[in-house]
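Chemist:
Number of protein chains: 2
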Amino acid sequence: MSASTKLATAVQALSHLAGTSSESQNSDVISQATGINASRLRNILSMLARAGIVNSERGLSGGFRLAKTPEEIHLQEIYCAVETKKAFHLDVNRRGTGNDNLPSSVNGYFLSLFSEIQVEIEDKMRAITLRDILNSIHNHPPTPTSSVRG
Amino acid sequence: MSASTKLATAVQALSHLAGTSSESQNSDVISQATGINASRLRNILSMLARAGIVNSERGLSGGFRLAKTPEEIHLQEIYCAVETKKAFHLDVNRRGTGNDNLPSSVNGYFLSLFSEIQVEIEDKMRAITLRDILNSIHNHPPTPTSSVRG
DNA sequence: CCGAATTGTTACCAACCCGGTAACAATTTA
DNA sequence: TAAATTGTTACCGGGTTGGTAACAATTCGG
Numbered sequence: 000m001s002a003s004t005k006l007a008t009a010v011q012a013l014s015h016l017a018g019t020s021s022e023s024q025n026s027d028v029i030s031q032a033t034g035i036n037a038s039r040l041r042n043i044l045s046m047l048a049r050a051g052i053v054n055s056e057r058g059l060s061g062g063f064r065l066a067k068t069p070e071e072i073h074l075q076e077i078y079c080a081v082e083t084k085k086a087f088h089l090d091v092n093r094r095g096t097g098n099d100n101l102p103s104s105v106n107g108y109f110l111s112l113f114s115e116i117q118v119e120i121e122d123k124m125r126a127i128t129l130r131d132i133l134n135s136i137h138n139h140p141p142t143p144t145s146s147v148r149g
Numbered sequence: 000m001s002a003s004t005k006l007a008t009a010v011q012a013l014s015h016l017a018g019t020s021s022e023s024q025n026s027d028v029i030s031q032a033t034g035i036n037a038s039r040l041r042n043i044l045s046m047l048a049r050a051g052i053v054n055s056e057r058g059l060s061g062g063f064r065l066a067k068t069p070e071e072i073h074l075q076e077i078y079c080a081v082e083t084k085k086a087f088h089l090d091v092n093r094r095g096t097g098n099d100n101l102p103s104s105v106n107g108y109f110l111s112l113f114s115e116i117q118v119e120i121e122d123k124m125r126a127i128t129l130r131d132i133l134n135s136i137h138n139h140p141p142t143p144t145s146s147v148r149g
């Protein structure tokens, strides 16, 4: 699954958890509230639990809750928790059949360029907290009719 | 086709054209030299021609050649010429079924965040010329045995 | 100690996108 | 007119995606 999709889903779930009191919420409740499939929620929230962003408990009154305050949760953490590949996945074209040896060289160039960009993206995400996102969302309400026009 | 793949292919082709004298080279010749499929080459080079980066001529002695010097060709031009989607394609999760209205808000947030990142990437690419890439490739030769290990 | 509830993990599915290739239309020149 | 070349479209096998369900692992209550 792509990192951006998982990231957006994770932030949706975390935003919901931030909006509720500190009680544990199980995946069914979160699913009903957010519209995200419960299984997918468990999948993503378990990654966030492994990264220490949420606490998860099994059993009768189990569920999920934030492990930190929204101020302490950085977007980059979330991203690292859910990513499996890098955002910039360069498909290297390893065909040495040409007379030039250009392909491998060019790919090497882009490989380093793209990892540079990757670092900058993560730096940007490191400066953003869940609180920032919550505030931003609050200032720009859902606007069901006016948001996406065309 | 993903922008990064096309970008790498375009740069390979341009690098080859930069290495040859100013004679027009047809797609078969470039294909043999680079190992890139001739049809794909025509596809990408026609985009570069539309953007004024190469000149293309049909007919008996037709072919492709650079329209500018390598110093005048910026990576961002090439990227814009071949891209159809943005590098960061956010799959918006437009399900309004949840009780929260979070999904659309969160997606809107990421939409603007990612377009910010997109701008920064293009700025970075705007500072790189084909000459820079050629120099970088020349300083880091193909190294057929030591490049990709593992 | 057993059973219910819950998370955690795996597997599977349809749909789509990707890279790659070929085929053909459009155009130019000799 | 014929050959050569670019330009464009269509198609294919394969891998990935998002989505869902099923089941294993774990915990709590009685």
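Taken in sequence, the protein lines are chains A and B.
Just so you know, numbering that gives the first Met the number 0 puts 50 at position 51 of the first sequence, and the rest follows in order with no gaps.
Just so you know, numbering that gives the first Met the number 0 puts 1 at position 2 of the second sequence, and the rest follows in order with no gaps.
The beta-carbon is built from N, C-alpha and C at its ideal position, and this holds for glycine as well.
Measure the C-alpha to C-alpha separation of residue 227 (chain A) and residue 79 (chain A) and round it to an integer number of angstroms.
Modeler: Outside the displayed span of chain A (0 to 149) sits residue 227 (chain A), for which this structure offers no information.
Chemist: Counting only beta-carbon separations shorter than 8 angstroms, does residue 121 (chain B) have a partner in chain A?
Modeler: Answer no: the Cβ-Cβ gap between residue 121 (chain B) and chain A never drops below 8 angstroms.
Chemist: Looking at C-alpha atoms only, which residue of A:66, A:136, A:126, A:130 is the closest neighbour of residue 44 (chain A)?
Modeler: Closest by alpha carbon: A:66.
Chemist: Please decide whether residue 106 (chain B) counts as near chain A, where near means a Cβ-Cβ distance under 8 angstroms.
Modeler: Answer yes: the Cβ-Cβ gap between residue 106 (chain B) and chain A drops below 8 angstroms somewhere.
Chemist: Is there a Cβ from chain A that is less than 8 angstroms from the Cβ of residue 117 (chain B)?
Modeler: Cβ-Cβ to chain A under 8 angstroms: no for residue 117 (chain B).
Chemist: Considering Cα atoms alone, identify which of A:19, A:30, A:49, A:126 is closest to residue 8 (chain A).
Modeler: Taking only the C-alpha atoms, the option nearest residue 8 (chain A) is A:30.
Chemist: Evaluate residue 138 (chain B) with the Cβ neighbour count: other Cβ atoms within 10 Å of its Cβ, from every protein chain shown; 16 or more gives buried, anything less gives exposed.
Modeler: So residue 138 (chain B) counts as exposed.
Chemist: Residue 13 (chain B) and residue 185 (chain B) - do their beta-carbons sit closer together than 8 angstroms?
Modeler: Limits of chain B in this structure are 0 at one end and 149 at the other, which puts residue 185 (chain B) out of reach.
Chemist: For the ligand ATP, is there any heavy atom lying closer than 7 angstroms to the beta carbon of residue 133 (chain B)?
Modeler: Annotation note on the ligand ATP: not contained in the displayed structure, which lists no ligands.
Chemist: Use the C-beta contact count for residue 62 (chain B): other C-beta atoms within 10 angstroms, 16 or more gives buried, fewer gives exposed.
Modeler: Label assigned to residue 62 (chain B): buried.
Chemist: Mind reading off the beta-carbon distance from residue 32 (chain B) to residue 15 (chain B)? Whole number of angstroms is fine, and I expect it under 8 angstroms.
Modeler: Sure, about 5 angstroms apart at Cβ, within 8 angstroms.
Chemist: Is the separation between the beta-carbon of residue 128 (chain A) and that of residue 73 (chain A) shorter than 8 angstroms?
Modeler: Yes, the Cβ-Cβ distance between residue 128 (chain A) and residue 73 (chain A) is below 8 angstroms.
Chemist: Along chain A, in chain order, which residues have C-beta atoms closer than 8 angstroms to that of residue 109 (chain B)?
Modeler: The contacting residues are 3, 6, 7, 10.
Chemist: I want to see whether chain A comes within less than 8 angstroms of residue 17 (chain B), judged by CB atoms only; does it?
Modeler: Chain A, which has no Cβ nearer than 8 angstroms to the Cβ of residue 17 (chain B), makes this no.
Chemist: Under 8 angstroms between beta-carbons, which chain A residues line up against residue 135 (chain B)? List them in chain order, please.
Modeler: Within 8 angstroms Cβ-Cβ: 108.
Chemist: In three-state DSSP terms, what is residue 41 (chain A)?
Modeler: Residue 41 (chain A) falls in the helix class under three-state DSSP.
Chemist: According to the Cβ coordinates, are residue 17 (chain B) and residue 112 (chain B) closer than 8 angstroms?
Modeler: In this structure, residue 112 (chain B) does not lie closer than 8 angstroms to residue 17 (chain B) by Cβ.
Chemist: Can you find a C-beta in chain A that's less than 8 angstroms from the C-beta of residue 132 (chain B)?
Modeler: With 8 angstroms as the cut-off, residue 132 (chain B) counts as an interface residue toward chain A.
Chemist: Using the rule of at least 16 other Cβ atoms within 10 Å of the residue's Cβ for burial, across every protein chain shown, is residue 70 (chain B) buried or exposed?
Modeler: Classification for residue 70 (chain B): exposed.
Chemist: From residue 119 (chain B) to residue 59 (chain B), what distance separates their C-alpha atoms?
Modeler: Going by the C-alpha atoms only, they are around 43 angstroms apart.
Chemist: Any beta carbon from chain B within less than 8 angstroms of residue 92 (chain A)'s own beta carbon?
Modeler: Because the pLDDT at residue 92 (chain A) is just 45, under 50, the model does not fix this residue reliably, and the value given afterwards should be weighed accordingly. Chain B, which has a Cβ nearer than 8 angstroms to the Cβ of residue 92 (chain A), makes this yes.
Chemist: Between B:27, B:34, B:107, B:23, which lies nearest to residue 56 (chain B) when the distance is taken from Cα to Cα?
Modeler: Residue 56 (chain B) has its Cα closest to that of B:23, out of B:27, B:34, B:107, B:23.
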